[in-house]
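Okay, so here's the structure we're looking at.
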Amino acid sequence: MEKKLYICIVVALVCMATSCSKFLDTVPKDTITSLNYYETEQQLNSALAGVFQTLTKIYGHSFQGVMSLDGDEGFYNRSAQNTGIAVNLVTTSETNVTNVWTALYNGIERANLLLANINKPTMTEANRSVIKGEALFLRSYFYFLLVSYWGDVPLLLEPTSSVAQTNNPRTPSKEVYEQIIKDMTEAESLVPDVRQVSNAGHINKSAVRGLLARVCLYMAGDPVKDVSKYEMAKIWAKKVIDDGYHSLNPDYRQVFINMSQDKYDLKESIWEVEFYGYSSDGFNATGKVGIHYGISHGGQDPNYGYCFGYVAVTPKLYFSYAKGDWRRDWNIAPYTLSSTNPATKTYRPIYPTAMQASERSVAKWKREYETVYPKEQGGNSVNYPLLRYSDVLLMYAEAVASQNGTVPDQDVLDQTVNQVRRRAYGNLLPNRELIDTITISTAGSGYTSAPAVTISGGGGAGGAAVATVATSGTRALNAIYLENRGGNYNLTPTITIGESWMPNVLYAAGKQVYNDNKLYTVTTAGTTTATPPTQSSGASAAATTGAVFTYAGVQAKAAVTLTRLSEFKGDVKTAGFADYARFMEFLKAERSRELAFEAMRKRDLVRWGDYYRVMKQIALDFAALGSRAFGGKAGENTSERDVLWPIPDAETTVNKAIGQNPGW
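In mature numbering (1 follows the signal peptide of the UniProt record, and there is no 0), the protein residues as written are -24 to -1, 1 to 640.
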C-alpha cells in the first residue's frame, strides 16, 4: 500500500509544497506558502512527493509522445501524420516539447524550495539526509534530461525569488554536467543502500551510481566530448556491479511482466517511475505504458485492455536480432490481436520481409499481464524503467572500451555483455534444457485451419507452440511459433501436429484428423469403428469407418532442437572484433536490442555522433517499402539541428536572455 499512500500525499499536498513567490508582505495564517510550510518532517516528505510527481508527469504523458519515435527503433504507425514530434517535424511551439520543458523546470523549482528549507523542521538527521539526497538526485536528473535534449540551459539552483525573475541566461552544457555530477555524488552519500528500500520508486545508492555512469558517458560523448569522463563512467558502473546485490532476472520477459503487475525486482530493475490506479479513479497518477505503444487492440473489454498501437518497429530493429534471441519476439509482437475477441491471436509470417517486419507492434509491455482492473484506455498503473542492471553492464563495457579505444578483454565481456546475451538466449534460466527451435520437416497439405501442436516426452514440461496455415495453394503449414520453451528436457521431445484418429469417437463434420501420415476431413459425422481410414484419395465408406473421412492431404511434421547447458550461442569473443570501431558497432546495436523503447535511443545516437546519419538511413530503408514508406518520415524530416530540441516559445517569450538553439 506504500505506493498508494505516496500518490495520495502528492494529490493532497503538492500544491501546498510548491508555492514559489511571496505576493503579500503579510501572510494570512490560513494560507500555506513557502514561508510557513516545511515546518515538519511530514511536510518535507509531502514536498518531496511533489518533486517525484514530475516523473509521473513527463513519463506518464509528455514523454509518451517521444519514446522511440525520433530514433531508429520505432515509428508512428499512422500514415496520415505529417507534423509534430511523431514524425520529427517540430516547431518552437510543439506541445510535447513545451510540456517536457515546463514539467522539468517545475520539478526543479520544487526541489529548490525543498532544499532551501531542508533544515527547518526538527527531525532526525538520518531522515533529513535521505530527503535531501533524493531531492538533490531528482533535481540533477531533471537537469540531465534538459541538457541532453536542449544543450545549454539555465542552471537554477535557488528558489525563484520573484515572479519578475524571468531573464535567466543559459549555462554551457559542460557546466551543467559538472553540477549534475557534483549533486549526484553528494546524493550518493545520503540516500540509503538498495537493500534498505522496499521498492524501485525511491532513490537508492545503486540508482544514483548507475545514473552517474550514464551521465558521465553522455558528457564524454557529443557535444561536450570530455573523454576523461569515460574513466568516471567505468568507476560508477563498477560500483553497482561490485556491490554484489544486483543480478539479471533469468527471464527477460519477467522483467516487464513484473512492472505490469506492480512487483519489484530491485536486483534487476533498479529505478522505476511509479504509476498508480486507473484513469477514472481520481488520483491522476496513471501512465500509458502499454496503452499508447503496445499490441493494437480495439476491443473495449475492460478485463483485457484497449491499446492504440501507435508505434510500430523498424525493420532495422527486427532484423538486428539473431536466431535464438528471445528478446525479439517479446519486444516485437509476432502476432496481432482481434478486436472482438482478445484471446484470438493471428500470427504473422515467421520469416517476414522488411515490409512485413514494419507492420509489427511494440510488445514490451502487454496489457494481458496487468492486475489492476478495470483496464481502461485512459491510463494504467504499469511502472516504467529508468535504470536496469543490464544497462549498467552494457555501460561498463562501453566505458572500458572507450577509455582506451580498444576491445574489452574476454573477462570483461563475460562479466558484462555476455551476461546480457546469455539471458537473451535463455542460458540463465535454472531449467536451461529447454526448447530452442521447432523446425517444420514436412509442411503437409490440405489443412482447413491451423492444427494443434502438441509437445510431449523428453522428460521436461511446459513447451507450447501454435501453427499457422497458408491461406492459398496446398494449404500447408507455413510456420510454427514457439510460445513457451518449457524446461528440464533431458531428451528431445516429440512434436505432434494435429489430432490422431481414434476408435469409438463421435466426430463432427469438418473435423480433421490424421492417420498413417495422411490427413482426413470428416465429411459425414458419425462414431468411428475400429477401422481407421487409410485411403490416399476420395472418401471412406461409412459402413467401414463409421464417420466418413475424405482424404485431404499429407500430415505435417516438425522437429525440435534443445538449448543445452553447455551452449552459449549468444557469447561474443574479444578476438571476434577487428578493432574498437567494430566492437562499438556491435555494442550500439546490443543496447537497442536490450533496451528498446526505454526512451534512451535518440540520446544514445546523439552522444555517439550518429544521429543524423542513422536517421537518414532509416528514411532510405523505408523508401523502398511501398505502402509502408510513411515509416521513414521521421528520417526524412531529420536535419542537423534535430540533435537538440528547440527552446519553447513559452520560454523565449518571457525569458529574453535565453536565445535559441542552432537552426531553430
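Backbone N, C-alpha and C fix where the C-beta goes; we use that ideal spot for every residue, glycine too.
Because the structure is a prediction, the values reported are computed rather than measured.
Using the DSSP secondary-structure output, state which residues sit across from residue i in a beta bridge.
i: Phe525; result: Val498
i: Asn491; result: Lys494
i: Asn460; result: Ala440
i: His273; result: Cys283
i: Ala288; result: Phe51, Ser337
i: Ile326; result: Paired residues: none, contrary to the question.
i: Ile211; result: Note: Ile211 sits in no beta bridge, so no partner.
i: Lys592; result: In the DSSP output, where bridge partners are listed per residue, Lys592 has none listed.
i: Leu415; result: Note on residue identity: the sequence assigns Thr, not Leu, to residue 415. Paired residues: Ala535.
Indicate the three-state DSSP secondary structure (helix, strand or coil) for residue i in the structure shown.
i: Leu389; result: helix
i: Thr539; result: strand
i: Trp621; result: coil
i: Ile634; result: coil
i: Tyr483; result: strand
i: Phe51; result: strand
i: Glu248; result: strand
i: Ser(-4); result: Residue confidence for Ser(-4) is low, a pLDDT of 32 falling below 50, so the modelled location carries little weight and cannot support an answer.
i: Leu(-20); result: Because the pLDDT at Leu(-20) is just 41, under 50, the model does not fix this residue reliably, and the value given afterwards should be weighed accordingly. Looking at Leu(-20) - three-state DSSP - the assignment turns out to be helix.
i: Lys205; result: helix
i: Gly474; result: coil
i: Ala515; result: strand
i: Ser236; result: helix
i: Gly186; result: helix
i: Asp159; result: helix
i: Thr316; result: coil
i: Asn454; result: strand
i: Ser421; result: coil
i: Ser255; result: coil
i: Thr30; result: helix
i: Thr147; result: strand
i: Leu581; result: helix
i: Asp597; result: helix
i: Glu627; result: helix
i: Ile179; result: coil
i: residue 670; result: Residue 670 lies beyond the residue range present for the chain, which begins at -24 and ends at 640; the question has no answer from this structure.
i: Thr520; result: helix
i: Lys533; result: strand
Is residue j closer than 8 Å to residue i when the C-beta atoms are compared?
i: Lys545; j: Tyr365; result: no
i: Trp640; j: Pro622; result: yes
i: Tyr297; j: Arg343; result: no
i: Leu601; j: Ser334; result: yes
i: Asn144; j: Pro130; result: yes
i: Gly263; j: Ser272; result: no
i: Ile217; j: Val123; result: no
i: Tyr323; j: Tyr423; result: no
i: Pro325; j: Asp597; result: no
i: Asp48; j: Val582; result: no
i: Leu362; j: Ser568; result: no
i: Ser378; j: Ala575; result: no
i: Gly177; j: Glu248; result: yes
i: Val63; j: Asn637; result: no
i: Glu352; j: Pro278; result: yes
i: residue 641; j: Pro469; result: This structure does not reach residue 641, given that the chain is present from -24 up to 640, and the question cannot be answered.
Do you know whose CA, among the options, lies nearest residue i's CA?
i: Ala610; options: Gly270, Gln593, Ala626; result: Gln593
i: Ile267; options: Asp618, Leu538, Val358; result: Val358
i: Leu31; options: Thr67, Phe251, Ile414, Asn225; result: Phe251
i: Leu193; options: Thr447, Leu370, Arg229; result: Leu370
i: Pro427; options: Ala23, Thr444, Leu65; result: Thr444
i: Gly438; options: Ile456, Thr415, Asn407, Lys205; result: Asn407
i: Asn464; options: Val619, Ser149, Leu410; result: Leu410
i: Ile471; options: Val66, Thr415, Leu495; result: Thr415
i: Gly270; options: Val167, His178, Tyr52, Asn394; result: Tyr52
i: Val231; options: Arg115, Glu85, Tyr345, Gly381; result: Tyr345
i: residue 641; options: Ala605, Trp306, Glu570; result: The structure shown does not extend to residue 641, since the chain spans only -24 to 640, so no value can be given for it.
i: Tyr527; options: Thr521, Asp547, Leu495; result: Leu495
i: Gly514; options: Thr503, Ala501, Thr507, Thr497; result: Thr497
i: Ala532; options: Thr550, Ala501, Gly474, Gln511; result: Gly474
i: Gln19; options: Thr67, Leu90, Asn75, Leu80; result: Leu90
i: Thr447; options: Asn234, Asn466, Ser421, Gly434; result: Ser421
i: Ala163; options: Ala183, Arg171, Val152; result: Ala183
i: Pro350; options: Val536, Thr628, Tyr282; result: Tyr282
i: Thr78; options: Leu121, Leu45, Gly585, Glu110; result: Leu121
Under 7 Å: does the beta carbon of residue i sit that close to some heavy atom of the ligand PLP?
i: Leu362; result: The model depicted lacks the ligand PLP and carries no ligand whatsoever.
For the stretch 336 to 405, list the beta strand (DSSP E) runs that are entirely contained and at least 3 residues long, ordered along the chain. 360 to 364
Only counting runs of 4 or more residues, tell me where the alpha helix (DSSP H) segments fall wholly within the stretch 58 to 102, in order along the chain. 71 to 92
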